[in-house]
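Asker: Let me give you the structure first, and then I'll get to my questions.
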Amino acid sequence: MDFYKNKILSGSRNTAISIWDMDSGECIQTLRGHRNAVKCLEISGDLLVSGSEDRTIKVWDLNKLKNVRSLIAHTDVISCLKVVGSTIFSGSFDNTIKIWDMNQESSVPQCTLMGHNGNVLCIDALATKIYSGAYDNLIKVWDTTTGKCTQSIEGHSYYIRCVKASENRLISGSYDKTIKIWDPKSFECVATLTDHEDYIRCIEVIGDVMISGSNDKTIKIWDLRNLKCKHTLVGHHDFITCLKVVGSSIISGSLDRTIKIWAGEESKNAIPSSRYRRSVSKIVTPRDNSTPRKIRSGERNKNYQSEDDDASSNVV
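As numbered in my numbering, residues 1 to 316 make up the sequence shown, in order.
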């Protein structure tokens, strides 16, 4: 998720992708092509990749503002995307992960990873490995060179909603209300964090700090060195759906239709921002990792609202 030349890109259930000018708050362009809700967006250079409930992935040229490719192979909703260089990883409700090469003229996936027994909800990638979480309560580790599942990690008792991989640790958040930390080599669970009182929706990791958002309407800040919760941020009135860390600030989105910026060294203070007609499921971040601008409640209300009243949207 990021700005593209000081612009925000958003997708919603009205099938369109809107491009907003950050300074004026005005919608300056609309990309149309999907036939159903836009579920996920990823930017790679001057290309935008979008996934939809219409079962297609579309690649857009952001300079020409046109769709340059449609990738059709999944048989159900595209639920998550990860773009690394010229490679697209897509997860779907058809229980598969597909790997695509944007440098190839062919619109046929290079590989289809099959093994989950439920909808794929999240993907992360690191070196030659893919990490996925799904409705089957499993985290799977895949070798991208062979397309084989090398590990199925059990431990959660409900859906895997988010997964973050690094050289030092693998972290997963689940609807079983826990966050688990796994050894990235042995894949043994080394810690289970149980401070949240409801489903885990999202996780961000910056070095030894983890931020988690939950259906319990709170955001928690963790020290991964001692596995302790340092702060609990309270201010949203509905489920926390997404998080982003920018500098020393945390940006959170919620089903209460607000984005909040938590400022200060310890991120204790909430700054209210734009109130949307729709719930927020993805968050925009500044293009240069500078401190986020303060957006006052109501100030951007009409500028950032679209005509779509459905409770689902994505922003990159």
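Don't be surprised by glycine CBs; every beta carbon is placed ideally from N, CA and C.
Given that a residue counts as buried once 16 or more other Cβ atoms are within 10 Å of its Cβ, and exposed if not, what is residue 210?
Answerer: Translated into positions along the sequence shown, residue 210 becomes position 210. So residue 210 ends up on the buried side.
Asker: Please report how far the alpha carbon of residue 159 lies from the alpha carbon of residue 136, in whole angstroms.
Answerer: Within the sequence shown, the letter at position 159 stands for residue 159. Within the sequence shown, the letter at position 136 stands for residue 136. CA-CA distance, residue 159 to residue 136, rounds to 6 Å.
Asker: Measuring only the C-alpha atoms, how far is residue 177 from residue 62?
Answerer: Locating residue 177 in the sequence shown gives position 177, counting from the first residue. Locating residue 62 in the sequence shown gives position 62, counting from the first residue. If you take the alpha carbons of residue 177 and residue 62, they lie about 39 Å apart.
Asker: Quick check on residue 37: buried or exposed, where buried means 16 or more other Cβ atoms within 10 Å of its Cβ?
Answerer: Numbered from 1 along the sequence shown, position 37 holds the residue referred to as residue 37. So residue 37 counts as buried.
Asker: Considering Cα atoms alone, identify which of 131, 17, 229 and 163 is closest to residue 151.
Answerer: Against the sequence shown, residue 151 aligns to sequence position 151. Selected option, being the one with the closest Cα: 131.
Asker: Please identify the residue among 59, 19 and 242 whose C-alpha is closest to the C-alpha of residue 322.
Answerer: Residue 322 is absent from the model: the chain starts at 1 and stops at 316.
Asker: What first and last residue would you give for the beta strand (DSSP E) that runs through residue 67?
Answerer: Taking the sequence shown and counting its residues from 1, the one referred to as residue 67 is at position 67. Start and end: 66-72.
Asker: Could you spell out where the beta strand (DSSP E) holding residue 15 opens and where it closes?
Answerer: As a first step, residue 15 must be located in the sequence shown, where it is residue number 15. Unbroken run through residue 15: none, as it is neither H nor E.
Asker: Under 6 Å Cβ to Cβ from residue 110, same chain only, skipping five residues before and after it: list those, please.
Answerer: The sequence position of residue 110 within the sequence shown is 110, counting from 1. Exclusion of the five residues before and after residue 110 leaves 99 and 101 as the residues of its chain whose Cβ lies within less than 6 Å of its Cβ.
Asker: Give me the DSSP bridge partner(s) of residue 133.
Answerer: By 1-based counting over the sequence shown, the position of residue 133 is 133. According to DSSP, which records beta bridges pairwise, residue 133 is partnered with 122 and 139.
Asker: Roughly how many whole angstroms lie between the Cα atoms of residue 35 and residue 179?
Answerer: Along the sequence shown, read from residue 1 onward, the residue named residue 35 stands at position 35. Along the sequence shown, read from residue 1 onward, the residue named residue 179 stands at position 179. Going from the Cα of residue 35 to the Cα of residue 179 covers about 36 Å.
Asker: Taking the continuous beta strand (DSSP E) assigned at residue 104, which residues delimit it?
Answerer: Taking the sequence shown and counting its residues from 1, one reaches residue 104 at position 104. That residue, residue 104, is in no beta strand (DSSP E); it is neither H nor E in DSSP.
Asker: If we ignore side chains and look at the alpha-carbon of each, how far apart do residue 89 and residue 229 end up?
Answerer: The sequence position of residue 89 within the sequence shown is 89, counting from 1. The sequence position of residue 229 within the sequence shown is 229, counting from 1. Approximately 32 Å, taken between the alpha carbons.
Asker: Could you check if residue 49 is buried or exposed, using at least 16 other CB atoms within 10 Å of its CB as the buried criterion?
Answerer: Here residue 49 is taken as the residue at index 49 of the sequence shown, counted from 1. The residue is buried, with at least 16 neighbouring Cβ atoms inside 10 Å.
Asker: Apart from the five residues on each side of it in sequence, which residues of its chain come closer than 6 Å, Cβ to Cβ, to residue 123?
Answerer: Stepping through the sequence shown from its first residue, residue 123 is reached at position 123. Hits under 6 Å: 80, 82, 89, 91 and 132.
Asker: Which same chain residues, not among the five before or five after residue 268, have their C-beta less than 7 Å away from its C-beta?
Answerer: Stepping through the sequence shown from its first residue, residue 268 is reached at position 268. Because the pLDDT at residue 268 is just 43, under 50, the model does not fix this residue reliably, and the value given afterwards should be weighed accordingly. Cβ within range, chain order: 231.
Asker: Could you check the C-alpha separation between residue 65 and residue 192 for me, to the nearest Å?
Answerer: As a working mapping, residue 65 is identified with position 65 in the sequence shown. As a working mapping, residue 192 is identified with position 192 in the sequence shown. If I take the Cα positions, the gap works out to 45 Å.
Asker: Using three-state DSSP, classify residue 165 as helix, strand or coil.
Answerer: Within the sequence shown, residue 165 is the residue found at index 165, counting from 1. Residue state, collapsed to three classes: strand.
Asker: In or out: residue 292 buried (at least 16 other Cβ within 10 Å) or exposed?
Answerer: Position 292 of the sequence shown, counted from the start, is the residue given in the question as residue 292. Bear in mind that the predicted position of residue 292 carries a pLDDT of just 37, short of 50, making it too unreliable to give a figure here.
Asker: Can you tell me which of 250, 219 and 120 puts its alpha carbon nearest to the alpha carbon of residue 237?
Answerer: Mapped onto the sequence shown, residue 237 falls at position 237. Of the listed residues, the one whose Cα sits closest to residue 237 is 219.
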